[in-house]
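Enquirer: In this note's numbering, the protein residues as written are 50 to 143.
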Amino acid sequence: MNDEELLIQCRIGLGMSPATTAMDGAIRQKMLLVKSFMLGGGVSEEMLNDPASIGTIVVGVTDTWNLNAGEIKFSPIFYTLVTQLAARSLVGDA
């Protein structure tokens, strides 16, 4: 899945119309943040681009959507999903 398709999935996850583009800049920033976190957490580049990662990225984007300064916090399910994708990266199940 490319970033344009992922952007649409993130809009849907945030409860927006898939055609709405007004918040794309902010969504792209969050996508980059989440993908960077996942890479740092052991998810391979190959696994990050696999369709299996879409849900995890969307969860991470929604987790970081409405934040106040100093309150950035991922949900427990996001950490669980990242751990599972990192494990799949180790065994080559991408």
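Beta carbons: idealized from backbone N, C-alpha and C, even for Gly.
Please return the same chain residues whose Cβ sits closer than 8 Å to the Cβ of T113, not counting the five positions on each side in sequence.
Expert: Around T113: K79, L82, V83, I121, F123.
Enquirer: Can you list, in chain order, the residues of its chain whose CB lies under 7 Å from that of I61, leaving out five sequence neighbours each side?
Expert: Answer for I61: P67, listed in chain order.
Enquirer: Assign P100 to one of three DSSP states: helix, strand, or coil.
Expert: P100: helix per DSSP, three-state reduction.
Enquirer: Let me check understanding here. Comparing Cα to Cα, which of V108, L97, A118 lies closest to L134?
Expert: Among V108, L97, A118, the Cα nearest to that of L134 belongs to L97.
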